[in-house]
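Structure first, then comments.
Numbering (our numbering), first residue to last: 1296 to 1465.
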């Protein structure tokens, strides 16, 4: 009987929740002191007009502006990226753009996973976040190219072909 009471006592001590005094000393990370990147690339001309019509992309930009470096906020941003893949704007339906979106999604998942680590260094956190911004910049470059350069060069080629055909018809 005494043995069972003793074992019950040990079991209760082992299952006791950790109080703040017993918790290991984990440093809080000061995100304001870190050198976090911001997007350096902007959408231009027609790409900007088309992107304003793409609700999922606008939600992504808003989410990144208000980002608080929590797993919950990261999940919301990942949801916006998933919506971008599910409901792409017609002007941005291109394999290169989809690939850039998937790279952005992957880097967001890596960052979210790293946020769950108990021991993390500010420099590693900074690097992983800056990789997200780099992926966003590369996506924006691809969006600019698709709408402004690729489309315009194709339109120019069509005009040239029509101009070449007109003299032959006469």
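Heads up, the beta-carbon is just placed ideally off N, CA and C, and yes, glycines get one too.
Best match in the options for proximity to residue i [C-alpha to C-alpha]
| i | options | result |
| --- | --- | --- |
| residue 1334 | 1342, 1360 and 1350 | 1360 |
| residue 1348 | 1389, 1383 and 1422 | 1383 |
| residue 1375 | 1332, 1442, 1355 and 1330 | 1355 |
| residue 1424 | 1438, 1407 and 1411 | 1407 |
| residue 1352 | 1324, 1414, 1396 and 1299 | 1396 |
| residue 1434 | 1350, 1296 and 1337 | 1337 |
| residue 1358 | 1440, 1339, 1340 and 1431 | 1431 |
Three-state class that DSSP yields for residue i in the structure shown
| i | result |
| --- | --- |
| residue 1437 | helix |
| residue 1364 | coil |
Assigned exposure category for residue i - 16 Cβ within 10 Å defines buried
| i | result |
| --- | --- |
| residue 1427 | buried |
| residue 1317 | Note on residue 1317: pLDDT 46, under 50, position unreliable in the model; no value is reported. |
| residue 1298 | exposed |
| residue 1388 | exposed |
Short CB-CB distance (under 9 Å) between residue i and chain B
| i | result |
| --- | --- |
| residue 1368 | The chain inventory of the structure shown lacks chain B, comprising one protein chain alone. |
Where the alpha helix (DSSP H) containing residue i begins and where it ends
| i | result |
| --- | --- |
| residue 1388 | No alpha helix (DSSP H) contains residue 1388, which DSSP labels as neither H nor E. |
| residue 1335 | Premise fails: residue 1335 is in no alpha helix (DSSP H) and is neither H nor E. |
Exercise. Are there three or more Cβ pairs, one per stretch, closer than 8 Å when the segment 1393 to 1401 is compared with the segment 1364 to 1371?
Worked result: no
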